[in-house]
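Per my numbering: the sequence shown ends with 384, consecutive numbering throughout. Each residue gets a CB set at the ideal place from its N, CA and C atoms; glycine is no exception. Keep in mind the model is a prediction, meaning the values are calculated, not measured.
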Amino acid sequence: MNDEEVAELIDQIKRQIDMVLNDTSVPKKVKSAVKDAKDNLCAEGDYVVRVSSAIYSMDSISNDINLPSQARTAVWSILSMLESIKTSS
């Protein structure tokens with residue numbers, strides 16, 4: 296995966312993260328972890344480190360029992376996209 300494809304995928308991930316953040320049914324604790332993931336993706340530096348940090352933040356809430364099913368599906372989708380970036384590096 297070249298840098299352009301990675302940047303495009305990261306932009307797509309950010310849009311999905313925004314959808315989760317704007318979902319009123321998502322608990323604050325979950326939104327906080329999702330926002331941390333987005334902040335990690337927006338930070339300066341090597342994209343592999345940024346993606347790994349985002350995965351760590353998202354993974355911590357992926358099985359939260361308070362997470363609504365539609366948000367859980369979005370979180371898993373985001374994690375899948377993040378993992379695809381990490382494994383392609």
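Within the same chain, Cβ atoms closer than 8 Å to the Cβ of residue 353 are found at 328, 329, 332, 370, 373, 374 and 377, the five residues on either side in sequence being excluded. In the structure shown, residue 358 adopts coil according to DSSP, grouped into three states. Ranked by Cα distance from residue 298, the options 343, 368 and 326 are led by 343.
CA-to-CA, the gap between residue 358 and residue 367 works out to about 8 Å. In the three-state scheme derived from DSSP, where H, G and I count as helix and E and B as strand, residue 314 is classed as helix. Residue state for residue 302 is assigned as helix, using DSSP reduced to three classes.
For residue 382, the secondary structure class from DSSP, reduced to helix, strand or coil, is helix.
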